[in-house]
Structure formats: structure tokens, C-alpha cells
Amino acid sequence: DAGVIQSPRHEVTEMGQEVTLRCKPISGHNSLFWYRQTMMRGLELLIYFNNNVPIDDSGMPEDRFSAKMPNASFSTLKIQPSEPRDSAVYFCASTDDRGRGTEAFFGQGTRLTVV
Amino acid sequence: AQKVTQAQTEISVVEKEDVTLDCVYETRDTTYYLFWYKQPPSGELVFLIRRNSFDEQNEISGRYSWNFQKSTSSFNFTITASQVVDSAVYFCALSRRNSGNTPLVFGKGTRLSVIA
Numbered sequence: 013d014a015g016v017i018q019s020p021r022h023e024v025t026e027m028g029q030e031v032t033l034r035c036k037p038i039s040g041h042n043s044l045f046w047y048r049q050t051m052m053r054g055l056e057l058l059i060y061f062n063n064n065v066p067i068d069d070s071g072m073p074e075d076r077f078s079a080k081m082p083n084a085s086f087s088t089l090k091i092q093p094s095e096p097r098d099s100a101v102y103f104c105a106s107t108d109d110r111g112r113g114t115e116a117f118f119g120q121g122t123r124l125t126v127v
Numbered sequence: 028a029q030k031v032t033q034a035q036t037e038i039s040v041v042e043k044e045d046v047t048l049d050c051v052y053e054t055r056d057t058t059y060y061l062f063w064y065k066q067p068p069s070g071e072l073v074f075l076i077r078r079n080s081f082d083e084q085n086e087i088s089g090r091y092s093w094n095f096q097k098s099t100s101s102f103n104f105t106i107t108a109s110q111v112v113d114s115a116v117y118f119c120a121l122s123r124r125n126s127g128n129t130p131l132v133f134g135k136g137t138r139l140s141v142i143a
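Each protein sequence line maps, in turn, to chains A and B. 13 is the number of the first residue of the first sequence in the working numbering; add one for each residue after it. 28 is the number of the first residue of the second sequence in the working numbering; add one for each residue after it.
The structure is reproduced here in C-alpha cells:
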């Protein structure tokens, strides 16, 4: 199994530009999570999906952030317009838990730099 | 609300020393899961262990051991005979035990440096 695949691995963009981060979860997993990691705030949940349906997006910082999961094998996190304070590592994770507490498997992350 | 506290921000030890990473959690749930993840310098998050709230048995895996004490809401992680390759940031995390999948709540992490 290839694991959770995120793209791109690194992204450098100018303030005001649109940024799209992509995630392919592990095949068969029914939950997908987007986390953001910064030095100041650590690892924080942005949004998660169960069976492609957004369950909790209360962690999405502002309306500039949006996430979609059009099917079980693909999700996007979009920032429009981007700002320097969005610079962080964004992780996608998936799990096939169904309430059993299985660990979440994380992708390699996307390091976003907004200049 | 759920919360995980890792009071040790950074720890530095000399190779072969034992080291314990502390984790204290808060939750109103009676059943929950606890986890430890490792983040090496390469940046990925690697799963180490999961513990169910009603299983308080300690666990040992090679040089790693975990001490879960529900009475003190703690889930501490000990590395015996530390090695340079253990240098990483270690995260403790908590999730609800639910009929559906729920996200992990992470502590801020402890950066461990093992010096040769």
C-alpha cells in the first residue's frame, strides 16, 4: 500500500495567490483529516470527513479556507487568497476506524510558504 | 473538551540514558483512546502506540514502554538506553471512542535530542 499521498510536498507562493493542496487517502479508509502544524500552535485539526461528508470544519481558520472530498479517493484543501500567516506544514491523514480507535495514517505533509 | 498537555518542551540526554516523556490528558469521556506519534527530522508522523482507556496494562515494545495511569490521567512514554536515532519530536494524542471516526487531539510535543 502506498500510504496517504499528498501533493505537492513543497509549495512557495506569493501572497494573494490561490493554493490547492491535494490528498489521496489509503484505499478503503472511510475518514480523512486535514491538520496544520505550526511552531506556535502545534498540530491543529482543520476539518475532517467521514464517508466523504464534512463532519466538523470548526478548525478552518477563515472563509479563505475551503476543503472538498468529491469521492473516497481524493480531497483538496484550498486557500484563496493566501497570506503569509498561512505558512505551515499541512498534513492529511486517513483511517478506517469505525469507532475502534485505529490509528490515523499521515501523509508526508505539504510545506507551504507564502511570501 | 479534550486537552493533552506535554509539559516538557525539549529534553536532551546522552546516548544510552533512559528518558521519560510525560503526557497528561483531560477528557469528560469515560471511554477514549490515547496515542503516541513520533516525528523525526524528516517530518513525517509515525504511529507508535494506541491504548484503550479501559486497558491500563503497561506495554513494552523493545526499548519503548508506556505507563498508562487513569487515576492521574497520564500516559507516559519511556525510552530505555536511548540512541541518536531516537532524536525526534514526540506527540501524545487523544481521541474519543465513538461509533464513528473522530479526530486526534494532539499535545504540543516534546523535542528529544539524544547526544552521542
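All C-beta atoms in this analysis are idealised placements derived from N, C-alpha and C, irrespective of residue type, glycine included.
What first and last residue would you give for the beta strand (DSSP E) that runs through residue i?
i: I59 of chain A; result: 54-62
i: I87 of chain B; result: 86-88
i: S140 of chain B; result: 137-142
i: Q78 of chain B; result: Reading off the sequence, residue 78 of chain B comes out as Arg, not Gln. That run of the beta strand (DSSP E) goes 73-79.
i: Q49 of chain A; result: 43-50
i: C119 of chain B; result: 115-123
i: T36 of chain B; result: Where T36 of chain B is concerned, there is no enclosing beta strand (DSSP E), given that its DSSP letter is neither H nor E.
i: I38 of chain A; result: Run containing I38 of chain A: none; DSSP gives neither H nor E here.
i: T122 of chain A; result: 122-126
i: E26 of chain A; result: Unbroken run through E26 of chain A: none, as it is neither H nor E.
i: N103 of chain B; result: 101-106
i: D68 of chain A; result: 65-68
i: C104 of chain A; result: 100-107
i: Q96 of chain B; result: 91-96
i: M72 of chain A; result: Note, M72 of chain A: premise wrong, no beta strand (DSSP E); not H, not E.
Compare the C-beta of residue i with all C-beta atoms of chain B and state if any pair is closer than 8 Å.
i: T125 of chain A; result: no
i: T122 of chain A; result: no
i: S70 of chain A; result: no
i: S43 of chain A; result: yes
i: T88 of chain A; result: no
i: G40 of chain A; result: no
i: F118 of chain A; result: yes
i: E23 of chain A; result: no
i: L33 of chain A; result: no
i: T107 of chain A; result: yes
i: N83 of chain A; result: no
i: N62 of chain A; result: yes
Please list the partners that residue i has in chain E, where partner means a Cβ-to-Cβ separation under 8 Å.
i: V101 of chain A; result: Absent here is chain E; the protein component of the structure consists of chains A and B.
What is the C-beta distance between residue i and residue j, in whole angstroms, given that I count them as a contact (C-beta under 8 Å)?
i: Y59 of chain B; j: R123 of chain B; result: 6 Å
i: A115 of chain B; j: Q84 of chain B; result: The Cβ separation is near 25 Å, so there is no contact.
i: F103 of chain A; j: Y47 of chain A; result: 4 Å
i: L121 of chain B; j: T57 of chain B; result: Actually they are not in contact, since the Cβ atoms of L121 of chain B and T57 of chain B sit about 13 Å apart, beyond 8 Å.
i: V101 of chain A; j: Q18 of chain A; result: In fact, because the Cβ distance is near 10 Å, the residues do not count as touching under 8 Å.
Is residue i buried or exposed, if buried means 16 or more other CB atoms sit within 10 Å of its CB?
i: Q110 of chain B; result: exposed
i: T137 of chain B; result: buried
i: T122 of chain A; result: buried
i: S43 of chain A; result: buried
i: F81 of chain B; result: exposed
i: V126 of chain A; result: buried
i: K97 of chain B; result: exposed
i: E23 of chain A; result: buried
i: D45 of chain B; result: exposed
i: N62 of chain A; result: buried
Compare the C-beta of residue i against all C-beta atoms of chain A and say whether one is closer than 8 Å.
i: L131 of chain B; result: yes
i: R77 of chain B; result: yes
i: F104 of chain B; result: no
i: K65 of chain B; result: no
i: F81 of chain B; result: no
i: K135 of chain B; result: yes
i: F95 of chain B; result: no
i: N85 of chain B; result: no
**Request:** Kindly confirm or deny that the region 18-30 of chain A and the region 87-104 of chain A touch, where touching means at least three C-beta pairs closer than 8 Å.
**Result:** Touching, per the Cβ criterion.
**Message:** Below 8 Å, how does it come out for the region 101-116 of chain B and the region 40-57 of chain B: are there three or more Cβ pairs, yes or no?
**Reply:** Output reads yes: the region 40-57 of chain B touches the region 101-116 of chain B.
**the region 68-87 of chain B contacting the region 115-123 of chain A, beta-carbon criterion three pairs below 8 Å** = Taking a cut-off of 8 Å for Cβ pairs, the region 68-87 of chain B and the region 115-123 of chain A touch, as three or more such pairs fall below it.
**Request:** Answer yes if the region 65-78 of chain A comes into contact with the region 35-42 of chain B, meaning at least three C-beta pairs across the two stretches below 8 Å, and no otherwise.
**Result:** Note that the region 35-42 of chain B does not touch the region 65-78 of chain A; fewer than 3 beta-carbon pairs, one per stretch, sit closer than 8 Å.
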